[in-house]
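K.L.:
Protein chains in written order, with the numbering used here: chain D, 1 to 205; chain G, 1001 to 1205.
Cβ atoms here follow ideal geometry from the backbone N, Cα and C, with glycine treated the same way.
There are 2 protein chains.
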Amino acid sequence: MPVKKAIVQRKAKGEYHHGDLKTSLKQAALRLVRERGPRGFSLNEASRLAGVSVAAPYRHFDDKDALLAEIARDGYELLKLEIYKSVEKGGSLRDQIIESGMAYLRFARNHADYFSVMFQSGLNRSKYPEIERLVKAGLGVILDLAKQYERTPALAEVRAVSTWALVHGLAMLDHDGALSAAAGKARSPEQLRPVLERFVDQPYN
Amino acid sequence: MPVKKAIVQRKAKGEYHHGDLKTSLKQAALRLVRERGPRGFSLNEASRLAGVSVAAPYRHFDDKDALLAEIARDGYELLKLEIYKSVEKGGSLRDQIIESGMAYLRFARNHADYFSVMFQSGLNRSKYPEIERLVKAGLGVILDLAKQYERTPALAEVRAVSTWALVHGLAMLDHDGALSAAAGKARSPEQLRPVLERFVDQPYN
DNA sequence: CGGATAATGTAAACACCATTTACAATGATT
DNA sequence: AATCATTGTAAATGGTGTTTACATTATCCG
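1) For a contact defined as C-beta to C-beta under 7 angstroms, what are the partners of residue 1204/G on chain D?
2) Flag this pair as yes or no: are the beta carbons of residue 1141/G and residue 1170/G separated by less than 8 angstroms?
3) CB-CB under 7 angstroms to residue 1179/G, same chain, minus the five flanking residues each way: which ones, in chain order?
4) Can you tell which of 154/D, 58/D, 190/D has the C-alpha that lies nearest to the C-alpha of residue 1183/G?
5) If contact is defined by three or more beta carbon pairs under 8 angstroms, each pair taking one atom from either stretch, is the region 79–90 of chain D in contact with the region 50–63 of chain D?
6) Please determine, among 1122/G, 1115/G, 1118/G, the residue with the shortest C-alpha to C-alpha distance to residue 118/D.
7) What does residue 175/D touch in chain G if you count any residue whose Cβ is under 7 angstroms from its own?
8) If you drop the 5 nearest sequence neighbours on each side, which residues of the same chain put their C-beta closer than 8 angstroms to that of residue 1070/G?
9) What span of residues does the alpha helix (DSSP H) with residue 167/D cover, start to end?
10) What residue range does the alpha helix (DSSP H) around residue 124/D cover?
11) Do you know offhand how far residue 1156/G's Cα is from residue 1149/G's?
12) Please confirm whether residue 172/D has its beta-carbon closer than 8 angstroms to some beta-carbon of chain G.
13) So residue 108/D packs on residue 175/D, CB below 8 angstroms; how close in whole Å?
14) At a CB distance below 7 angstroms, what residues from the region 1027–1056 of chain G approach chain D? Give them in sequence order.
15) So which residues on chain G does residue 179/D lean against when the C-beta distance must stay under 8 angstroms?
16) Please check if any C-beta of chain G sits within less than 8 angstroms of the C-beta of residue 1/D.
17) Taking a contact to mean a Cβ-Cβ separation below 8 angstroms, would you say residue 167/D touches residue 93/D in this structure?
18) Can a CB atom of chain G be found closer than 8 angstroms to the CB of residue 132/D?
19) Using only the heavy atoms of the ligand FMN, determine whether one of them is closer than 7 angstroms to the beta carbon of residue 155/D.
20) If you compare alpha carbons, which of 11/D, 32/D, 200/D, 38/D is closest to residue 50/D?
21) With 16 other CB atoms within 10 Å as the buried threshold, where does residue 1039/G fall?
22) For residue 54/D, count neighbouring C-beta atoms within 10 Å of its own C-beta (all shown protein chains included) and say buried if the count is 16 or more, exposed if not.
23) Using 10 angstroms around the beta-carbon of residue 137/D, count the other beta-carbons present and answer buried if the total reaches 16, otherwise exposed.
24) Indicate whether at least one CB of chain G lies closer than 8 angstroms to the CB of residue 79/D.
25) Between residue 1166/G and chain D, is the shortest Cβ-Cβ distance under 8 angstroms, so that the two count as touching?
26) What is the DSSP secondary structure of residue 73/D, reduced to helix, strand or coil?
27) On the three-state DSSP scale, how would you describe residue 1191/G?
28) What are the residues in the region 127–154 of chain D lying within 7 angstroms of chain G by C-beta distance?
29) Give me, in chain order, the residues of the same chain whose beta-carbon lies closer than 6 angstroms to that of residue 9/D; leave out the 5 immediate sequence neighbours on both sides.
30) So is residue 1120/G in contact with chain D if we call contact Cβ pairs under 8 angstroms?
31) Does the beta carbon of residue 194/D come closer than 8 angstroms to any beta carbon on chain G?
32) Using CA atoms only, rank isn't needed, just tell me which of 18/D, 48/D, 15/D is closest to residue 215/D.
33) Going by beta-carbon coordinates alone, are residue 131/D and residue 200/D separated by less than 8 angstroms?
34) Thinking C-beta only, is residue 1034/G closer than 8 angstroms to residue 1113/G?
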């Protein structure tokens, strides 16, 4: 019979060890980001949420940035998975491209907390090579699709870069409400599908 | 004969008043952002750079966020100016659209510090209506161009949103080095011009 | 099994930071 | 010249990131 789970697993009262402090800290951080924005997160408060002293996190992370970076990494991995899933769902090449873009847009919506940490926390990504690696791998997927879609490598590169930028830009603008603010109405990711379709369907001559 | 200007105007030794503390603080903040990233800025250090006590900033800004917000506002205004300039430079409608996009890309490069504060500082923009207003005005420009460029309002909206997103996405990816990292070589904004041209030249049927 | 050792926690301390308060110096106005 | 708003200071408060020395627990090896 499992103990009732809090949103963030706290250390049990009489215990000395927490059990899974690392993931608890990440959850706590994400919760703080969700509630107070990408800058509203402090290690101390996360420690408190996990029921642990303020020095405990340093057994699991070099410093605050390292915790943030690991969350970002988790986010990139999550995003990668969702994109893979949507590509593997098959369909025509064109549909694969569109679906992977839609997966990106849905990710920005459904995991706004991760998205904030990934793109708005001001993290120095170059200090964390594993993240760089994931970003490049992400572009690799897009580039592969584009190469099949276009006749020449040069066209493929243009196609890949612009598709990536368009999707990322849409996700960004959507993420901080610029789109719905501009339109004066709420927008679901699905409503952006035509934008993506039009873009993908246009030939590069 | 003007006094030799430091990068950030410091208070003169014997003086009690600074003279232009407000802009000095903004310059100091921008410098810190430039040198240490969007999170590497503290009011205390900015005060020190301006040669003033840590309480002085509060005569000019409600709090730290208000200073950040004002810098962001300056950035939006600067961007607006550059876009206006490039639109007014004339040329065909198509060229106006492309040139305003290029102005955006150049801005992200030449004013990376402002760009960071505007889009990566995690500022709560909804708390600062003047910024919201500027963002909407920016979209207004794009929407106007798109309306002239397309036959129907619906097409114009799609055109406007996707153009905005593409340009913003390119600027973002360029800003944090994702593009050059992916290509394995440096990229100048000019090298992105073909991406923009192809996009604008594609008809929406 | 039991003891050594690694892993994981705590408490206390440090320097820094954002912000407030009471007060001082200066500038502007009548 | 007296008055009052503006703009600065010093000192204090409570929060933060991080380190250090020490305590507890888990793990591994004889």
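P.N.:
In terms of the structure at hand:
1) 198
2) no
3) 1173, 1187
4) 154/D
5) no
6) 1122/G
7) Result: empty, since nearest Cβ-Cβ is about 11 angstroms, beyond 7 angstroms.
8) 1026, 1061
9) 153–175
10) Looking at the DSSP string, residue 124/D is not in any alpha helix (DSSP H), and its letter there is neither H nor E.
11) 7 angstroms
12) yes
13) 5 angstroms
14) 1037, 1038, 1039
15) 1161
16) Low confidence applies to residue 1/D: its pLDDT is 49, below 50, so where it sits in the model is not reliable, and the reading given next is rough at best. No, residue 1/D lies away from the interface with chain G (no Cβ there is under 8 angstroms from its Cβ).
17) no
18) yes
19) For the ligand FMN, the structure offers nothing, since it holds no ligand at all.
20) 11/D
21) buried
22) exposed
23) exposed
24) no
25) yes
26) helix
27) helix
28) 132, 135, 136, 139
29) 24
30) yes
31) yes
32) This structure cannot speak to residue 215/D, because chain D is shown only from 1 to 205.
33) no
34) yes
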